[in-house]
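Converting from the sequence shown to the working numbering requires adding 5 to each position, the first position being numbered 1.
For glycine and all other residues, C-beta sits at the position ideal for the given N, C-alpha and C.
Since we're looking at a predicted model, the values are computed, not measured.
The structure under discussion appears below in the form of structure tokens.
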Amino acid sequence: MSKKQKAKQFQRPRGTHDILPHEALYWSAAEEILKNISSFYGFQKIETPHIEHTELFQHSVGGTSDIVEKQMYSFRTRGSDHLTLRPEGTAPVVRAYIENGMVAEPHPVKLWYFGSFFRHENPQRGRYREFHQWGMEVFGEDGPVIEAEIIQMMYVFFGELGLKDVYVELNSIGCSDCRPNIKSQILAYYRSRQKKICVDCRRRMKENYFRLFDCKEEKCAQIRRHAPQIIEHICERCKAHFTALLEFMDEIEVPYILNPYLVRGLDYYTRTVFEFFIGKPDSILTESEHKEENKKIDEPAGNQPNEEHKEEHAAPKTRLAIASGGRYDRLVEMLGGRPTPAAGGAVGMERVIDVMRQQKITPAESKPAKLFLVQLGDLAKRKSLKIIEQFRKEGISLKTMLSKDSIKSQFTAAGKSEAEYMLIFGQKEALDGEIIIREIVSGIQETVPLEKLIDAVRRHLK
Ligand code: HAM
């Protein structure tokens, strides 16, 4: 390369993001909380590969779903396998549950996971091509207590992070017994209005009638307003299940509303479906309130937009769920296992962290170090590493600037930090096996032998 030629600079692929150090604070705070909640509620951690056989998702998420039709990163390997970067976590966990014979374990089997997922979406604020979910799946329990427990866990998580105005929307989309009835009611309504709906919805009438309720086109939303409500047409057993769930909801005091048109973009759900949002339910917002809500979504901190990534910072056109899930009683059987009732849900981490920023919630930083080690001279620098390790082992935080040799710049940094004491370790102290502990504000200091350092520091920090 000639001197004048500048090396090409690379950018992250569209729809992905870096988690920079100042953002990592949010992530670690959230991860800490979700780990505690998962284990408290008796969930065990599971990790599945980032790649799976493409067919797994076709058989579970559904061949006519947006995810399978448009959003999967699928490829053929050299050995001619058809593989896909996982677009969601439920199907892989069900696959692992069956493949690893977890059916033989005491039930319910409760599993949680945290990791990245991949969908080739149109990137915009809160909608990424690589994103992270905290997910949980429960196998072998058919009562609504499981949906209530999952909803409670998510709500507790949002609460511990400090999120405000969280509520959940609920619906029941019935089971295989009531689906024929639901289908005929919905299609009868739409058949007489075919000319008034969009082309996509006409296709949805043939392929995936539930998705008619998901259309974002204004004219389709108008038509949906008077469409048959799924819940009116579910069977008696599904009704009893849903009624019992609502009784649990009243007990756990999670704000909820019934949304009779809530359906999900994944085909495996039966009975309960739910989605968490922030703010006021869409159904009770006036048009101008809706615009106001959208305006509140300001620029995210962190990755700076450039031309290529501009649209990723554009406010989303519709409000986005921060978490969602439901029951999927047929999926284990559909993927080759024994009939096993199951339910689960997943939290969208990027969206949650975005809400933390909008609501000006700052994660609690780990406590700032009260000690600053100042070293001077080669011998002192060499011996410093051992001292630092002693402090780490004792669980006492200590700040250092080993890359700086000048005592002045280290004193300045110590003064600017939140440290209360400096540990001054110069050439003489290193030779004598001693160190100076100096209180920064008063300047009072004492010299202690290195082997008594930890005890002396503890005495000062008391
Ligand atoms: P999902 O609704 O597709 O469900 O995704 C769950 C959550 O992940 C969403 O509520 C949203 O917060 C977040 N999310 C989804 N897509 C994106 C994206 N492109 N960018 C950022 N965040 C996103 C599932 O994935 C199911 N597997 C959930 C489940 C678990 N159901 C039962 N068990």
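Could you please give the first and the last residue of the uninterrupted beta strand (DSSP E) stretch that includes residue i?
i: serine 329; result: 328-332
i: glutamate 338; result: No beta strand (DSSP E) holds glutamate 338; the alpha helix (DSSP H) holding it covers 336-339.
i: tyrosine 4; result: Residue 4 lies beyond the residue range present for the chain, which begins at 6 and ends at 467; the question has no answer from this structure.
i: glutamine 468; result: Beyond the ends of the chain as shown, which are 6 and 467, falls residue 468; an answer cannot be given.
i: glycine 402; result: With the sequence shown as reference, residue 402 is identified as serine, and glycine is not the correct amino acid for it. It is not in any beta strand (DSSP E) - serine 402 carries neither H nor E in the DSSP assignment.
Regarding residue i and the ligand HAM, is the C-beta to nearest heavy atom distance less than 8 Å?
i: threonine 275; result: no
i: leucine 39; result: no
i: glycine 342; result: no
i: glutamine 138; result: yes
i: threonine 323; result: no
i: threonine 21; result: no
i: glutamate 60; result: no
i: serine 329; result: yes
i: methionine 107; result: no
i: methionine 361; result: no
i: valine 35; result: Note that residue 35 is alanine in the sequence shown, not valine. Outside the cutoff, so no.
i: leucine 166; result: no
i: phenylalanine 377; result: no
i: isoleucine 42; result: no
i: leucine 271; result: yes
i: alanine 12; result: no
i: glycine 148; result: no
Determine, using beta carbons only, whether residue i comes closer than 9 Å to chain D.
i: cysteine 240; result: Here chain D cannot be found, since the structure has a single protein chain.
Please check the pair residue i and residue j, which I expect to be a contact at CB under 8 Å, by giving their CB distance rounded to whole angstroms.
i: arginine 209; j: arginine 134; result: Between arginine 134 and arginine 209 the Cβ distance is about 24 Å, and since that is not below 8 Å, they are no contact.
i: isoleucine 327; j: valine 357; result: 5 Å
i: isoleucine 178; j: phenylalanine 215; result: 7 Å
i: leucine 175; j: asparagine 264; result: 7 Å
i: glycine 431; j: alanine 385; result: 6 Å
i: leucine 378; j: leucine 403; result: 6 Å
i: leucine 250; j: proline 149; result: 4 Å
i: leucine 376; j: tyrosine 426; result: 5 Å
i: glutamate 280; j: valine 171; result: Their Cβ separation, rounded to whole angstroms, is 11 Å, which puts glutamate 280 and valine 171 out of contact at 8 Å.
i: alanine 351; j: glycine 330; result: 6 Å
Just curious, the alpha helix (DSSP H) that residue i is in, first and last residue?
i: glutamate 174; result: Run containing glutamate 174: none in the alpha helix (DSSP H); it sits in the beta strand (DSSP E), 171-177.
i: tyrosine 160; result: 150-166
i: glutamine 415; result: 412-421
i: glutamate 135; result: From DSSP, glutamate 135 is part of no alpha helix (DSSP H) but of the beta strand (DSSP E) over 135-144.
i: tyrosine 195; result: 184-196
i: isoleucine 235; result: Premise fails: isoleucine 235 is in no alpha helix (DSSP H) and is neither H nor E.
Mind checking residue i: buried by the 16 CB within 10 Å criterion, or exposed?
i: glutamate 355; result: buried
i: glutamate 212; result: exposed
i: aspartate 205; result: exposed
i: glutamate 294; result: Low confidence applies to glutamate 294: its pLDDT is 49, below 50, so where it sits in the model is not reliable, and the reading given next is rough at best. With fewer than 16 other Cβ atoms within 10 Å, it is exposed.
i: arginine 387; result: exposed
i: glycine 342; result: buried
i: proline 113; result: buried
i: alanine 96; result: buried
i: valine 462; result: buried
i: alanine 306; result: In this prediction, alanine 306 scores a pLDDT of 43, lower than 50, which makes its location untrustworthy; the coordinate-derived value is nonetheless stated afterwards. Under this definition alanine 306 is an exposed residue.
i: glutamine 10; result: exposed
i: threonine 275; result: buried
i: glutamate 456; result: exposed
i: valine 73; result: buried
i: proline 54; result: exposed
i: isoleucine 51; result: buried
i: valine 446; result: exposed
i: leucine 466; result: exposed
i: glutamine 380; result: buried
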